[in-house]
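Residues in the sequence shown are numbered consecutively from 154, following the working numbering.
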Amino acid sequence: MPTPLPRTLTPCRRTLRFDLLTALILLTLAALLNGCAQPPRYANSDGAQLDKPLREVLRWYWSRDRSQADRPVQLPVRREPRATEPAAPGELSATWVGHSTVLLRLDGVNVITDPQFSRRASPLRFAGPERRTPLPFEISALPHIHLVLISHNHYDHLDEASVLALQAQPGGPPIFVVPQGLDAWFHDLGIRDNVHVIAWWARQALAGVGVSAVPARHWSGRGLFDRGVTHWTGWVVQRGGYSVYFAGDTGYGDGSDFRRIGQRFPALDLALIPVGAYEPRWFMREQHTDPAEAVQLFRDLGARQALGIHWGTFALADEALDAPIAALAAARRSQGVAEADFRLLEHGQTWVLHAPPHPAQ
Ligand code: ZN
Ligand code: ZN
C-alpha cells in the first residue's frame with residue numbers, strides 16, 4: 154500500500170518539493186565536487202572512466218521528460234512458497250526478487266545477487282527512488298544464504314540494511330564477494346572475515362562455488378567524493394557443472410568485454426542481464442544496456458539462456474517502468490532469439506532451468 158499523502162500536500166506540491174530538494178542536493182554536489190573529490194582509481198577495460206561532467210547531469214535532470222517514468226504501472230507479484238525454498242543438489246533455478254536481486258539455487262548452494270530489500274534505493278530515508286513494485290517476500294523469509302555477489306556500490310545494488318540483515322541471518326553470516334576497493338565499506342560495518350575481494354579475471358573457490366570476477370562497463374560512487382574509488386564487476390559462478398553469469402550494471406560499449414567473457418566461459422547456462430534504466434540514450438548509453446543491447450550482449454556471450462534484470466522495481470530513468478517488456482520482445486524478434494531463451498519473470502517468480510534429480514520427499 155502506498156503511504157497516503159497528508160491532506161494539505163497534493164501530489165503536485167510533493168513533486169515540486171522533491172524537485173527543489175533534489176536540485177539543491179545536486180547543486181551542493183556541484184560546488185563540492187569541484188575541489189574535494191578523490192581521484193578515481195578504477196576504469197573500464199579500455200581505460201575509460203565514465204566521468205559525466207555535472208553540466209550533463211544537470212542537463213538531463215532539468216530536461217527530463219518524466220511522463221513515462223511517472224505513469225502508474227502495476228506489475229504482478231507472485232507469492233509462492235517455492236520462491237523461498239533452499240537449493241537442492243543438482244538444481245539450477247532463479248527467483249527474481251526484483252531489480253537486480255536474484256536468488257540462485259546452484260546445485261545445493263543458495264546464492265543471492267545485489268540484495269536490495271529496502272523501500273528506497275537512496276542514501277536518504279525520505280527521498281530518492283522508491284520501490285514501485287512490492288517485494289514478493291521479506292528478507293527474513295530467504296533460505297540460508299551461502300554466497301552474496303555484490304556488483305558495485307550504487308544504492309540500487311548495495312543496500313546497507315539488506316547486507317546487515319544477511320550478516321545476522323540465523324545459522325551464521327554468508328560469504329560476501331565484492332569488487333576491488335569495496336571491502337573497506339564492509340569493514341566499516343564490522344563485516345571482515347567473510348568478505349572476499351576478487352579482481353577482474355581472477356577466480357576463487359568460496360562456499361563450494363567457483364567465483365570469477367569479469368569486466369563490466371560502468372562506474373561507482375556512493376557519496377560526494379568517491380567516484381571510481383571502488384570497482385564495478387560482473388560475476389560468473391560455477392558449481393555442479395552449471396555456470397551462471399551476473400552482469401551487474403553495465404553499458405554495452407563495443408561488445409568486446411562480453412565476447413571475451415563468452416570465450417573464457419563458453420558454456421554459460423544462464424546470464425542475468427540488465428534491461429532497464431536506459432532512457433534517454435544520450436545520457437544512459439555508456440552505463441546501462443537497453444533491451445536491444447542486452448540481447449546482443451546475450452548473443453556475444455553465447456549463453457544458453459538469459460533473464461532480464463534491473464527493471465520494473467525502481468524508476469531510475471525516463472522510460473516507463475514496464476517499457477522493457479515490449480522493447481525486449483521487439484529486440485528478440487529482430488535478433489532472432491526465442492522468447493524462452495531470454496525471459497522476463499514476474500517479481501517473486503521462479504525459473505527452474507534444471508530440476509533437482511532427487512526432489513525432496
Ligand atoms: Zn550502477
Ligand atoms: Zn543499477
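Ideal Cβ positions, reconstructed from N, Cα and C, are used throughout, including at glycine.
With respect to 8 Å, is the separation between the Cβ of residue i and the closest non-hydrogen atom of ligand 1 below this value?
i    : result
D309 : yes
Q440 : yes
D402 : yes
H371 : yes
W338 : no
W213 : no
H305 : yes
W388 : no
A464 : According to the sequence provided, residue 464 is Trp. The question's Ala does not apply to it. Flag unset: Cβ of W464 not near ligand 1.
W353 : no
W385 : yes
If I follow the unbroken alpha helix (DSSP H) through residue i, where does it start and stop?
i    : result
I478 : A476 to Q488
V230 : Element bounds for V230: n/a, residue is neither H nor E.
V428 : Element bounds for V428: n/a, residue is neither H nor E.
G415 : S409 to R417
L319 : E313 to Q320
Q241 : The displayed chain sequence assigns Ala, not Gln, to residue 241. Taken as a continuous stretch (DSSP letters only), A241 belongs to no alpha helix (DSSP H), as it is neither H nor E.
R452 : P444 to L454
Using a Cβ-based criterion (distance less than 8 Å to any ligand heavy atom), does residue i qualify as near ligand 2?
i    : result
P477 : no
A420 : no
L425 : no
S253 : yes
A203 : Just to set this straight, residue 203 is Leu in the shown sequence, not Ala. Incorrect: L203 has no Cβ contact closer than 8 Å to ligand 2.
L469 : yes
A430 : yes
Classify residue i: buried if its beta carbon has 16 or more other beta carbons within 10 angstroms, exposed otherwise.
i    : result
V505 : exposed
A508 : exposed
L474 : buried
D494 : exposed
F279 : exposed
H441 : buried
P419 : exposed
N187 : Since pLDDT at N187 reaches only 47, below the 50 mark, its modelled position is unreliable, and the value read off the structure follows with that caveat. N187 should be labelled exposed.
Q502 : buried
D410 : buried
R417 : exposed
P276 : exposed
E99  : The shown model of the chain, from 154 to 514, leaves out residue 99, and the question about it has no answer.
H340 : exposed
Q227 : exposed
S216 : exposed
P234 : exposed
W435 : exposed
R345 : exposed
Only counting the same chain, and skipping five residues up and downstream in sequence, which positions put a Cβ closer than 6 Å to that of residue i?
i    : result
P229 : E499
P510 : G243
P477 : V428, G429, P444 and W464
Y195 : G381 and H384
Q202 : P193, A196 and G381
P239 : N263 and P296
I265 : L256, I298 and V301
I328 : L300, N347, L359 and A360
P164 : For P164, the predicted structure reports a pLDDT of 37, less than 50, and the residue's modelled location is therefore unreliable. A value from the coordinates is still provided. Here the set comprises nothing.
In the DSSP assignment, find the unbroken beta strand (DSSP E) run with residue i in it and report its ends.
i    : result
L497 : No beta strand (DSSP E) contains L497, which DSSP labels as neither H nor E.
R380 : Careful: R380 lies outside any beta strand (DSSP E) and carries neither H nor E.
Y398 : Y395 to F399
L259 : T254 to L259
W215 : W215 -> not in any beta strand (DSSP E); alpha helix (DSSP H) instead, spanning L207 to S216.
H349 : V348 to V350
F329 : I328 to V331
A337 : No beta strand (DSSP E) holds A337; the alpha helix (DSSP H) holding it covers D336 to D341.
G387 : G387 to R392
L465 : The amino acid at residue 465 is misidentified as Leu; the sequence shows Gly. Premise fails: G465 is in no beta strand (DSSP E) and is neither H nor E.
N263 : V262 to T266
Give every residue of the same chain whose Cβ lies closer than 7 Å to the Cβ of residue i, excluding the five residues on either side of it in the sequence, and list them in chain order.
i    : result
K205 : none
A445 : A484
E472 : Q221, A222, Y431 and E432
L454 : Y398, F411, I414, G415, L421 and A424
Near residue i, which residues of its chain fall below 8 Å by C-beta distance, leaving aside the five closest residues on each side in sequence?
i    : result
L469 : A274, P282, D309, G429 and A430
S271 : R284, D312, A314 and S315
R496 : Q458, A459, L460, G461 and W504
L317 : L342
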